[in-house]
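Under the working numbering, think of the first position of the sequence shown as -16, with each following residue one higher.
Idealized CB from N, CA, C, for every residue including glycine.
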Amino acid sequence: MQLETDLLHIGRPQSGPASVNPPVVRTSTVTFDSLAQMRDTKRRREQGERPFSYGRRGTPTTYALEDAVSRLEGAEQTLLTPSGVAAINLVLMTLARPGAQIIVADSVYQPLRRIVDGWLRPWGVRVDYFDGSVAHLQSLLTDDTCLVYTEVPGSLVYEMQDLPALAALTSAREIPLVVDNTWASGVLMQPLSLGATVSLMAGTKYVVGHSDVMMGSVSANGETGRRLREMAVTLGQSLSSDDAYLALRGLRTLACRMDAHGRHAEALGGWLCEQPRVARVHQPCRPEHPGHAWWQRDFRGSNGLLTLEFEREVSDAQVDALVDSLALFGIGSSWGGYESLALPCNVAAARSLSTEWSSRGPCLRLHVGLEAVEDLQADLAQAWQAVLR
Ligand SMILES: *Cc1c(COP(=O)(O)O)cnc(C)c1O
């Protein structure tokens, strides 16, 4: 079946009479009929099964969501965490080793820098950043590289990378390649099918899709998947069944929401390019976007994100005034919900290798929601008229 079809059917009660959606199972303790049954459950768990044994290990509700995300990511196993940042930390705690080296793409989600610079380095992990290219990664790899971490497209301005080529390089040396797949959220790209070892997502964004739950996921195959599951239990990283229920509810409509977000964002991106004082629109679907050919090859479409780069003469105060004069774009962090958002962003502060950003114009990230695109365009037009005419 196509992904869209499977996402509607996975993790639902199989025999009737039954509710359409799986019920919320709230529990810490799971009780057994006999000690023999309890011990048998433990044995099955040790053999790699996923029986219902204790709340921290998961419930039928969280397992249903795990199965749906595994289908989305094309993975054997998925672990759920209470946020996207917790998913990142679960992967780092499982794969990074004191004394060894990790290599991180310069274009990653900014808080990752806080994690690696503020926590991993003091714990004795060597950290290097690479510029996203195969050549630079190759020049940094050593015999004790324990993981390579990237995100495609990059945060804020969507730098593209040749993911299959990066994966060929790391897999030849048996180094795990970790990809933050939040931008594509599984419907637009599946890192494991392109050769990555681990794919993680901030489910908070498009999987949940309604801005009302925090959640993360980590997906992998084989031994890596088993190690991640054991580490999640060791670290006490689990998702509540209520949150899993809402995330699974959101995930049912992920494919059609993403389709609408992509259409709206592509339409507005084209229109925004023509507006006064706009130097360029950063959006991987645009033919002039660096690495556009990789995006066309590896991705199924666009999401709702685009970032405007204004001419250098435009001041930060003008961008702030523009944001304040928008009526339909909320002001707030995050993205992936059904609503439109606008947020000025400081790209220079989020990069350490590429230094060009400090001499470019101010940037404004838009998340284009599911409102009628004509209404969004009219809102942007009145703001331009008021501030940047
Ligand atoms: C938002 C985001 C995260 C973190 O997710 P939270 O649920 O907010 O912790 C991680 N990676 C990327 C690319 C994100 O955009």
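Residue i Cβ short of 8 Å to ligand 1 heavy atom set
i: isoleucine 71; result: yes
i: glycine 67; result: yes
i: tryptophan 102; result: no
i: proline 94; result: yes
i: alanine 185; result: yes
i: serine 317; result: yes
i: methionine 373; result: Within the shown structure, residues of the chain are numbered from -16 to 372, placing residue 373 beyond reach of any answer.
i: glutamate 134; result: yes
i: serine 138; result: yes
i: aspartate 89; result: no
i: threonine 14; result: no
i: threonine 165; result: yes
Nearest residue (CA-CA) to residue i, options the options
i: cysteine 328; options: Thr125, Lys25, Ser138; result: Ser138
i: threonine 128; options: Ile86, Met184, Gln301; result: Ile86
i: aspartate 362; options: Arg156, Trp254, Thr165; result: Trp254
i: glycine 313; options: Leu305, Trp106, Ala325; result: Ala325
i: alanine 227; options: Pro43, Ala19, Ser316, Asp163; result: Pro43
i: proline 159; options: Ser182, Glu142, Met172; result: Ser182
i: glycine 287; options: Asn72, Thr153, Gln266; result: Gln266
i: arginine 39; options: Glu59, Thr12, Leu55; result: Thr12
i: valine 91; options: Val216, Ser335, Leu177, Ala366; result: Ser335
i: alanine 118; options: Ala148, Gln20, Arg109, Gln93; result: Ala148
i: valine 297; options: Gly41, Gly344, Cys268; result: Gly344
i: arginine 9; options: Met(-16), Arg28, Ser36; result: Ser36
i: serine 200; options: Trp106, Gly186, Asp281; result: Gly186
i: threonine 45; options: Pro81, Leu211, Leu62; result: Leu62
i: alanine 58; options: Ser122, Ala179, Val3; result: Ala179
i: leucine 359; options: Leu371, Thr236, Asp50, Glu322; result: Glu322
i: glycine 315; options: Arg80, Ser341, Leu349; result: Leu349
i: alanine 167; options: Thr14, Ser(-2), Gly319, Ser2; result: Gly319
i: methionine 184; options: Glu354, Ser66, Arg33; result: Ser66
i: arginine 54; options: Glu249, Asn204, Gly252, Ala310; result: Asn204
i: arginine 295; options: Asp281, Ala262, Leu311, Asp307; result: Ala262
i: methionine 198; options: Thr24, Gln368, Ser317, Thr(-12); result: Ser317
i: lysine 188; options: Asn164, Leu177, Thr207; result: Asn164
i: glycine 41; options: Arg96, Asp23, Thr64; result: Thr64
i: glutamate 49; options: Ser224, Val110, Gln30; result: Ser224
i: aspartate 126; options: Thr153, Phe113, Gly101; result: Thr153
i: alanine 369; options: Glu339, Val330, Val306; result: Val306
i: leucine 291; options: Gly245, Val216, Glu257, Val264; result: Val264
i: alanine 248; options: Val196, Gly352, Arg209; result: Gly352
i: alanine 366; options: Ser308, Glu339, Glu354; result: Ser308
i: glutamate 157; options: Thr207, Pro0, Arg283; result: Thr207
9 Å Cβ cutoff, residue i in contact with chain B
i: glycine 67; result: Among the chains of the structure shown, chain B does not appear; only one protein chain is present.
Counterpart residues of residue i in DSSP-defined beta bridges
i: phenylalanine 113; result: Ala88
i: phenylalanine 293; result: Val261
i: histidine 247; result: Histidine 247 is not bridged to any residue.
i: histidine 350; result: Leu288, Leu324
i: glycine 313; result: Leu324
i: threonine 77; result: Looking at the DSSP assignment, threonine 77 forms no beta bridge with any residue, so it has no partner.
i: valine 131; result: Ile86, Leu160
Supposed close pair residue i, residue j - CB separation, criterion 8 Å
i: proline 273; j: methionine 143; result: 6 Å
i: valine 190; j: glycine 233; result: 6 Å
i: valine 135; j: valine 161; result: Not really, about 12 Å apart at Cβ, beyond 8 Å.
i: serine 202; j: glutamate 56; result: 4 Å
i: tyrosine 132; j: alanine 88; result: 7 Å
i: proline 259; j: leucine 371; result: 6 Å
i: leucine 73; j: leucine 171; result: Actually they do not touch by this definition, with Cβ atoms about 23 Å apart.
i: leucine 218; j: methionine 76; result: 6 Å
i: alanine 51; j: leucine 231; result: 6 Å
i: leucine 386; j: valine 110; result: The question about residue 386 has no answer here: the residues shown for the chain are numbered -16 through 372.
i: leucine 237; j: leucine -9; result: Between leucine -9 and leucine 237 the Cβ distance is about 10 Å, and since that is not below 8 Å, they are no contact.
i: glycine 192; j: arginine 246; result: No, glycine 192 and arginine 246 are not in contact; Cβ-Cβ is about 16 Å, not under 8 Å.
i: leucine 177; j: alanine 150; result: 6 Å
Residue i: CB within 8 Å of a non-hydrogen atom of ligand 2
i: lysine 188; result: By its list of ligands, the structure shown excludes ligand 2, since it contains just ligand 1.
Could you name each continuous alpha helix (DSSP H) segment of 4 residues or more that falls completely within the segment 5 to 75, going from the start of the chain to the end?
18 to 29, 43 to 56
Quick check for students: name the residue ranges of the alpha helix (DSSP H) that lie wholly in the segment 136 to 214, counting only runs of 4 or more.
146 to 155
Which full runs of the beta strand (DSSP E) of 3+ residues lie inside the segment 214 to 242, going along the chain?
none
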